[in-house]
Amino acid sequence: DTAVSQTPKYLVTQMGNDKSIKCEQNLGHDTMYWYKQDSKKFLKIMFSYNNKELIINETVPNRFSPKSPDKAHLNLHINSLELGDSAVYFCASSQDLGFSYEQYFGPGTRLTVT
Amino acid sequence: GNSVTQMEGPVTLSEEAFLTINCTYTATGYPSLFWYVQYPGEGLQLLLKATKADDKGSNKGFEATYRKETTSFHLEKGSVQVSDSAVYFCALRDVRRNQFYFGTGTSLTVIP
Numbered sequence: 008d009t010a011v012s013q014t015p016k017y018l019v020t021q022m023g024n025d026k027s028i029k030c031e032q033n034l035g036h037d038t039m040y041w042y043k044q045d046s047k048k049f050l051k052i053m054f055s056y057n058n059k060e061l062i063i064n065e066t067v068p069n070r071f072s073p074k075s076p077d078k079a080h081l082n083l084h085i086n087s088l089e090l091g092d093s094a095v096y097f098c099a100s101s102q103d104l105g106f107s108y109e110q111y112f113g114p115g116t117r118l119t120v121t
Numbered sequence: 010g011n012s013v014t015q016m017e018g019p020v021t022l023s024e025e026a027f028l029t030i031n032c033t034y035t036a037t038g039y040p041s042l043f044w045y046v047q048y049p050g051e052g053l054q055l056l057l058k059a060t061k062a063d064d065k066g067s068n069k070g071f072e073a074t075y076r077k078e079t080t081s082f083h084l085e086k087g088s089v090q091v092s093d094s095a096v097y098f099c100a101l102r103d104v105r106r107n108q109f110y111f112g113t114g115t116s117l118t119v120i121p
């Protein structure tokens, strides 16, 4: 069973469009995250979210918004796509309590904006 | 605040060479420390972890020791293989806030 899944794996779209990426985790974790990875492999946290708190990286444009229909899902909506949004987006999840809990990552969604 | 500083890459080694990738951190409180590996075209996966000072994490021949006195968590492997070619990320977890902080990643290429 896939622990953290994302759809679609590839997304090609034009500037100005609105798109969504879906993420689901079947691990029963409390917190989910979205990361953006650029072409140099730099990983940037965008959001973390659990049922109590949404933490937004202040550098993320408000065209990006996370939406969580339930604890197992955290979707990423992007409005008015720009060329600079092209990147690989990773969803991740982790358990809240305990020192040893790591993050589990999805396989990534490669977004290309033309 | 929390941050992770990682050795710049790319790193190219011959098969069976010794590998060290340096990682230092700054943290409030007592973080947990992790090394993740990203193989080409894939997501990140946990390689090893350590949750308190002097803990040694190990997996697949890789090791890293949590050094509180030097705020370091260097990754080592005695003999690398071609299949170890990947990008390696050092990370810390602020346990109190359940937030993760990643280094910039180090690309490793192992040549036969």
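Protein chains in written order, with our numbering: chain A, 8 to 121; chain B, 10 to 121.
Beta carbons are placed, not taken as given, at the ideal position from N, Cα and C, and that holds for glycine.
Report task. Check whether the Cβ atoms of Gly52 of chain B and Gly113 of chain A sit closer than 9 Å, and answer yes or no. Result -> Position 43 of the second sequence holds residue 52 of chain B. Position 106 of the first sequence holds residue 113 of chain A. Yes. Within cutoff.
Requested in this report: Could you tell me which of A:Ile28, A:Gln21, A:Thr20 and A:Met22 sits nearest to Gly115 of chain A, measuring between CA atoms?
Outcome: As a working mapping, residue 115 of chain A is identified with position 108 in the first sequence. Nearest option by C-alpha distance: A:Ile28.
Query raised in the report: Can you find a C-beta in chain A that's less than 9 Å from the C-beta of Ser116 of chain B?
Result: Locating residue 116 of chain B in the second sequence gives position 107, where the first residue counts as 1. At least one chain A Cβ lies under 9 Å of Ser116 of chain B.
Report task. Starting from Met53 of chain A, follow the beta strand (DSSP E) in both directions and report where the run begins and ends. Result -> Residue mapping note: residue 53 of chain A aligns to position 46 of the first sequence, counting from 1. Start and end: Leu50 to Tyr56.
Report task. Determine whether the Cβ of Gly124 of chain B lies closer than 9 Å to any Cβ atom of chain A. Result -> No statement about residue 124 of chain B is possible, as the shown extent of chain B runs from 10 to 121 and does not include it.
Query - Span of the beta strand (DSSP E) around Tyr75 of chain B - result: For the purposes of this step, residue 75 of chain B is taken as residue 66 along the second sequence, with counting starting at 1. Per DSSP, Tyr75 of chain B belongs to no beta strand (DSSP E) and is neither H nor E.
Requested in this report: With a cut-off of 8 Å on the beta carbons, I'd call Ala99 of chain A and Tyr56 of chain A a contact; round off their distance for me.
Outcome: Numbered from its first residue, the first sequence carries residue 99 of chain A at position 92. Numbered from its first residue, the first sequence carries residue 56 of chain A at position 49. Contact doesn't hold; Cβ gap of about 11 Å is too wide.
Report task. Please name the residue or residues paired with His84 of chain A in a DSSP beta bridge. Result -> Translated into positions along the first sequence, residue 84 of chain A becomes position 77. His84 of chain A is bridged to A:Ser27 and A:Ser72.
Query raised in the report: Which word fits Val96 of chain B, buried or exposed, when buried means at least 16 other C-beta atoms lie within 10 angstroms of its C-beta?
Result: Against the second sequence, residue 96 of chain B aligns to sequence position 87. Per the 10 Å Cβ criterion, buried.
Query raised in the report: Is the shortest distance between the beta-carbon of Asn57 of chain A and the beta-carbons of chain B less than 9 Å?
Result: Within the first sequence, numbered from 1, the residue matching residue 57 of chain A stands at position 50. So yes, Asn57 of chain A belongs to the interface.
**Report entry** Supposed contact pair Leu81 of chain A and Met39 of chain A - C-beta distance, whole angstroms, cut 8 Å
**Finding:** Start at 1 with the first residue of the first sequence, and residue 39 of chain A comes out as number 32. Start at 1 with the first residue of the first sequence, and residue 81 of chain A comes out as number 74. Indeed they touch by this definition, with Cβ atoms about 4 Å apart.
Query raised in the report: By how many angstroms is the C-alpha of Leu50 of chain A removed from the C-alpha of Thr121 of chain A?
Result: Mapped onto the first sequence, residue 121 of chain A falls at position 114. Mapped onto the first sequence, residue 50 of chain A falls at position 43. Their Cα atoms are separated by approximately 22 Å.
Query - Supposed contact pair Thr74 of chain B and Lys65 of chain B - C-beta distance, whole angstroms, cut 8 Å - result: Against the second sequence, residue 65 of chain B aligns to sequence position 56. Against the second sequence, residue 74 of chain B aligns to sequence position 65. That belief holds up - the Cβ atoms of Lys65 of chain B and Thr74 of chain B are roughly 5 Å apart, short of 8 Å.
**Report entry** Contact with chain A by Glu72 of chain B, beta-carbon distance below 9 Å
**Finding:** Mapped onto the second sequence, residue 72 of chain B falls at position 63. It does not: the Cβ of Glu72 of chain B has no partner Cβ on chain A nearer than 9 Å.
Query - Below-9 Å beta-carbon distance, Asn178 of chain B vs any chain A residue - result: In the structure displayed, chain B extends from 10 to 121; residue 178 of chain B sits before or after that span and is not available.
Query raised in the report: Taking DSSP as the reference, what is the three-state secondary structure of Asp45 of chain A?
Result: Against the first sequence, residue 45 of chain A aligns to sequence position 38. Of the three classes helix, strand and coil, the one that applies to Asp45 of chain A here is coil, per DSSP.
Report task. Please name the residues in the stretch 94 to 113 of chain A whose beta-carbon is closer than 7 Å to at least one beta-carbon of chain B, in chain order. Result -> If the cut-off is 7 Å between Cβ atoms, the stretch 94 to 113 of chain A has Phe97, Ser101, Asp103, Phe106, Ser107, Glu109, Gln110, Phe112 and Gly113 near chain B.
Query - Within 9 Å, strictly: CB atoms of Gln35 of chain A and Gln102 of chain A - result: Position 28 of the first sequence holds residue 35 of chain A. Position 95 of the first sequence holds residue 102 of chain A. The question names Gln, yet the displayed sequence has Gly at residue 35 of chain A. A contact, by the Cβ cut-off of 9 Å.
**Report entry** Per-residue DSSP class, three states only, for Gly91 of chain A
**Finding:** For the purposes of this step, residue 91 of chain A is identified with residue 84 of the first sequence, where counting begins at 1. Three-state DSSP puts Gly91 of chain A in a helix.
**Report entry** For Ser23 of chain B, the residue or residues it bridges with in DSSP
**Finding:** Working through the second sequence from its first residue, we reach residue 23 of chain B at position 14. B:Ile120, per the DSSP bridge assignment.
Query raised in the report: Any C-beta of chain B sitting closer than 9 Å to the C-beta of Phe49 of chain A?
Result: Taking the first sequence and counting its residues from 1, the one referred to as residue 49 of chain A is at position 42. Yes, Phe49 of chain A counts as interfacial toward chain B.
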